[in-house]
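Per this note's numbering, residue 966 is the first one in the sequence shown, and the count goes up by one each step.
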Amino acid sequence: MLYRATCAGLTLSLFLTACSQSATNTYTQPVNVTEKSSQPMVKTTSEEELIVDNPSQSFNEWLTEFKAYAITKGITPHVFDQSFQGITPDPDVVKADRSQPEFTRPVWEYLDTAVSKTRISNGNKKIQENKKLLDDIEQNYHIDQEVFIAIWGMESGYGGFTGNKNVIRSLATLAYEGRRSKFAKEQLIAALKILQNKDVEVKDMKGSWAGAMGQTQFIPTTYLALAVDFDGDGHRNIWTSIPDALASTANYLQTSGWQYKETWGHEVKLPKNFDYSQTDISTKKSVSEWINHSVTLINGQPIPNTEQNLQAAIILPAGANGPAFIVYRNFFAIMKYNNSTSYALAVSLLADNFKGKPGQIIHSWPTSDKPLSRTERKELQTLLDQQGFSAGHADGIIGANTRQAIRGFQKTIGVAADGYPSHNLLNQLRTK
């Protein structure tokens, strides 16, 4: 079979976190212990912002206005009416959009599921079954096939579950109920354009509650920008065409800056006097600089000379008591797919296993230190603010401001300033 690729040639639109979560929640939860997984297109919200008033107009009134707007964006009345036939708001979507889980899954439990023996075994089978296709995609996009296979496994269990929600209904619900109306309207127009292009039938446009679609979970704008017709049938089909789904993902990674045959990073060993305030995904230095700070591979061997000019960050997914990793631009490329260090680490380790590398973490996880609950995270933020360390609004989301505030407090009590929200840290704040 001839596989033909056609690039969309548009600017990349990143995933809404919930979109990628909805399918992967069947298998894993791509949310870091210390951060809210969020994409640039979506504003992080507090609990108060989650509570919205009932819309000021009926759904039918909103639909009439939206139809007029869609027509100005090039959607034909016929396509609109066909797509919205029988559509009503979905209460399950509203509930999912407003839900804020009290407890967060520990990163080590998440990785145990994400990089399980079953997922590795199933992935190796898929590689054997699709070897010619995978080689063709790799050669065409210069993306290591193991990484887009890993993403395929993470997002839908290798196509096993791609979502069962009507995408038009889900996005219409989100656009109507108001909390993310601007984002949802943009995605809804894009979804209607996909239907107008006849890439998929209305009945087959299924996905997550937040509008992510297909075997590797693209939102509609990302689909329009980066999905490709790799099987040459004249349609881009990420739902049932494995060639199109995987090539589209390779195209996404290529656009995100993936470097062919370059490693994502390594587990590393940090010296006793290491400045933990430098451990953050946003703090990048050359590998040679990190080497000058006595950072080595976990086995004590030096980081390879061939990597010394690369820009890298050091991350601590479970704080200073857990494993440390030095991560490079391929890791950052994966994070553009899902903005979570835990997700990127899972994809990287899974891909390593497909390459025949160990893909195992040597340093033990601090399993006795369970993540704070959402209520405890809000309390921690409130206490930090009260003691002069500005963590921002107490919303239970551990973002950059909260981590910086934690580091400030940690420095005053003489502990490693890793920015990690532990129970011990919370207890010390309570006694101040």
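Backbone N, C-alpha and C fix where the C-beta goes; we use that ideal spot for every residue, glycine too.
Requested in this report: Pull up the distance between the alpha-carbon of histidine 1107 and that of tryptophan 1223, whole angstroms please.
Outcome: Locating residue 1107 in the sequence shown gives position 142, counting from the first residue. Locating residue 1223 in the sequence shown gives position 258, counting from the first residue. Each residue's Cα considered, the two are about 9 Å apart.
Query raised in the report: Residues in its own chain within less than 8 Å of serine 1135 by CB, not counting five upstream and five downstream?
Result: Within the sequence shown, numbered from 1, the residue matching residue 1135 stands at position 170. Shown here for serine 1135: same chain residues with a beta carbon closer than 8 Å to its own, the five before and five after excluded, namely Asp1055, Val1058, Gly1172, Ser1173, Trp1174, Ala1175, Gly1176 in chain order.
Report task. Tell me whether valine 1193 sits in a helix, a strand or coil according to DSSP, three-state version. Result -> Walking along the sequence shown from the start, residue 1193 turns up at place 228. Valine 1193 falls in the coil class under three-state DSSP.
**Report entry** Between the CA atoms of threonine 1181 and tryptophan 1027 - distance to the nearest angstrom
**Finding:** Position 62 of the sequence shown, counted from the start, is the residue given in the question as residue 1027. Position 216 of the sequence shown, counted from the start, is the residue given in the question as residue 1181. Taking the straight line from one Cα to the other gives about 31 Å.
Query raised in the report: Can you give the Cα-Cα distance for glycine 1088 and tyrosine 1123, rounded to whole angstroms?
Result: Position 123 of the sequence shown, counted from the first residue, corresponds to residue 1088. Position 158 of the sequence shown, counted from the first residue, corresponds to residue 1123. Each residue's Cα considered, the two are about 7 Å apart.
Query raised in the report: What residues match up with lysine 1343 in a beta bridge as DSSP calls it?
Result: Translated into the one-based positions of the sequence shown, residue 1343 becomes position 378. DSSP, once it has assigned bridges, lists no residue as partnering lysine 1343.
Report task. Can you give me the Cβ contacts of threonine 1161 inside the same chain, cut-off strictly under 7 Å, excluding the 5 residues immediately before and after it? Result -> Numbered from its first residue, the sequence shown carries residue 1161 at position 196. The displayed chain sequence assigns glutamine, not threonine, to residue 1161. Within the same chain, glutamine 1161 has close Cβ partners Ile1040, Thr1041, Val1044.
Requested in this report: Within 10 angstroms of the Cβ of glutamine 1152, are there 16 or more other Cβ atoms? Answer buried if so, exposed if not.
Outcome: On the sequence shown, residue 1152 is found 187 positions in, with the first residue counted as 1. So glutamine 1152 ends up on the buried side.
Requested in this report: At 4 residues or longer, and completely inside the segment 1099 to 1128: list those alpha helix (DSSP H) runs for me, N to C.
Outcome: Counting only runs of 4+ residues, the alpha helix (DSSP H) found wholly inside the segment 1099 to 1128 occupies 1110 to 1121, in chain order.
Query raised in the report: What whole-angstrom Cβ distance do tryptophan 1330 and glycine 1287 have, given they're in contact under 8 Å?
Result: Here residue 1330 refers to the residue found at position 365 when the sequence shown is read from its first residue. Here residue 1287 refers to the residue found at position 322 when the sequence shown is read from its first residue. Between tryptophan 1330 and glycine 1287, the beta carbon gap of about 5 Å places them in contact (Cβ cut-off 8 Å).
Query raised in the report: Mapping DSSP to helix, strand and coil, what is phenylalanine 1068?
Result: By 1-based counting over the sequence shown, the position of residue 1068 is 103. Annotated three-state conformation of phenylalanine 1068 is coil, per DSSP.
Report task. Less than 8 Å between the CB atoms is what I'm expecting for alanine 1365 and serine 1355, so what's the real figure, rounded? Result -> In the sequence shown, counting from the first residue as 1, residue 1365 sits at position 400. In the sequence shown, counting from the first residue as 1, residue 1355 sits at position 390. No, alanine 1365 and serine 1355 are not in contact; Cβ-Cβ is about 12 Å, not under 8 Å.
Report task. Can you tell me which of the three DSSP states glycine 1176 falls into? Result -> Locating residue 1176 in the sequence shown gives position 211, counting from the first residue. If DSSP states are grouped into helix, strand and coil, glycine 1176 belongs with coil.
**Report entry** Assumed close pair alanine 1289, leucine 1235 - CB separation to whole angstroms, cut-off 8 Å
**Finding:** The count along the sequence shown starts at 1 and reaches residue 1289 at position 324. The count along the sequence shown starts at 1 and reaches residue 1235 at position 270. For a cut-off of 8 Å, the C-beta gap from alanine 1289 to leucine 1235 is around 5 Å, short enough to register as a contact.
Query raised in the report: Using DSSP with H/G/I as helix, E/B as strand and the rest coil, what is leucine 1262?
Result: To locate residue 1262, count along the sequence shown from 1; it is residue 297. Under the three-state reduction of DSSP, leucine 1262 is assigned to strand.
Requested in this report: Excluding the 5 residues preceding and the 5 following glutamate 1014 in the sequence, name in chain order all residues of the same chain whose CB lies nearer than 6 Å to its CB.
Outcome: By one-based count along the sequence shown, residue 1014 stands at place 49. Unreliable placement is indicated for glutamate 1014, whose pLDDT of 34 sits below 50; no coordinate value is reported for it.
Query raised in the report: Are alanine 1155 and leucine 1191 touching if we call contact CB-CB under 7 Å?
Result: Walking along the sequence shown from the start, residue 1155 turns up at place 190. Walking along the sequence shown from the start, residue 1191 turns up at place 226. Result no, Cβ atoms of alanine 1155 and leucine 1191 do not sit closer than 7 Å.
Report task. On the DSSP bridge assignment, give the partners of isoleucine 1279 in chain order. Result -> Working through the sequence shown from its first residue, we reach residue 1279 at position 314. Its beta-bridge partners are Ile1291.
Query raised in the report: Per DSSP, valine 1380 is paired with what?
Result: As a position in the sequence shown, residue 1380 is number 415, starting the count at 1. The partner list for valine 1380 (beta bridge, DSSP) is empty, contrary to what the question assumes.
**Report entry** Same chain only: Cβ atoms within 8 Å of leucine 1394, ignoring 5 sequence neighbours per side
**Finding:** For the purposes of this step, residue 1394 is taken as the residue at position 429 of the sequence shown. Correct list, in chain order: Leu1345, Leu1348, Leu1349, Gln1352, Phe1374.
Query raised in the report: From isoleucine 1036 to asparagine 1129, what does the alpha carbon distance come to, in whole angstroms?
Result: Within the sequence shown, the letter at position 71 stands for residue 1036. Within the sequence shown, the letter at position 164 stands for residue 1129. Cα to Cα, isoleucine 1036 sits roughly 28 Å from asparagine 1129.
Report task. Taking 7 Å as the cut-off, decide whether the C-beta atoms of valine 1233 and valine 1260 are in contact. Result -> Numbered from its first residue, the sequence shown carries residue 1233 at position 268. Numbered from its first residue, the sequence shown carries residue 1260 at position 295. Yes, Cβ-Cβ distance for valine 1233 and valine 1260 is below 7 Å.
Query raised in the report: Using the beta-carbon count (16 or more within 10 Å), is isoleucine 1327 buried or exposed?
Result: Counting from 1 along the sequence shown, the entry for residue 1327 is found at position 362. When all chains shown are included, isoleucine 1327 counts as exposed.
**Report entry** Meets three-Cβ-pair contact criterion under 8 Å: the segment 1107 to 1118 and the segment 1138 to 1152
**Finding:** They do not touch, by the three-pair rule.
**Report entry** For glycine 1399, the first and last residue of its enclosing beta strand (DSSP E)
**Finding:** Given that the chain is displayed from residue 966 to residue 1397, the structure contains no residue 1399 and the question cannot be resolved.
**Report entry** Whether alanine 1215 touches valine 1072 by CB criterion (7 Å)
**Finding:** For the purposes of this step, residue 1215 is taken as the residue at position 250 of the sequence shown. For the purposes of this step, residue 1072 is taken as the residue at position 107 of the sequence shown. Judged by their CB atoms, alanine 1215 and valine 1072 are not nearer to each other than the 7 Å cut-off.
Query - Euclidean distance between Cα positions of serine 1011 and glutamate 1341 - result: Here residue 1011 refers to the residue found at position 46 when the sequence shown is read from its first residue. Here residue 1341 refers to the residue found at position 376 when the sequence shown is read from its first residue. For serine 1011, the predicted structure reports a pLDDT of 34, less than 50, and the residue's modelled location is therefore unreliable. A value from the coordinates is still provided. Rounded to the nearest whole angstrom, the C-alpha separation of serine 1011 and glutamate 1341 is 15 Å.
Query raised in the report: Can you tell me where the alpha helix (DSSP H) with glutamate 1254 in it begins and where it stops?
Result: Taking the first residue of the sequence shown as 1, we reach residue 1254 at position 289. It spans 1252 to 1257 - the alpha helix (DSSP H) in which glutamate 1254 sits, taken as one unbroken run.
Requested in this report: Assign proline 1066 to one of two classes, buried (16 or more other C-beta atoms within 10 Å of its C-beta) or exposed (fewer than that).
Outcome: Indexing the sequence shown from 1 puts residue 1066 at position 101. Looking at its Cβ environment, which holds fewer than 16 other Cβ atoms inside 10 Å, proline 1066 is exposed.
Query raised in the report: How far does the alpha helix (DSSP H) with aspartate 1062 in it reach, from first residue to last?
Result: Translated into positions along the sequence shown, residue 1062 becomes position 97. If you look at aspartate 1062, you'll find it in the alpha helix (DSSP H) that goes 1056 to 1063.
Query raised in the report: Any idea what DSSP makes of tryptophan 1204, helix, strand or coil?
Result: Position 239 of the sequence shown holds residue 1204. DSSP, reduced to helix, strand and coil, places tryptophan 1204 outside both helices and strands of the structure shown, so it counts as coil.
Query raised in the report: Among Val1167, Lys1343, Thr1377, Ser1307, which residue has its Cα nearest to the Cα of arginine 1070?
Result: As a first step, residue 1070 is located in the sequence shown; it is residue number 105 there, counting from the start. Of Val1167, Lys1343, Thr1377, Ser1307, the residue nearest in Cα terms is Ser1307.
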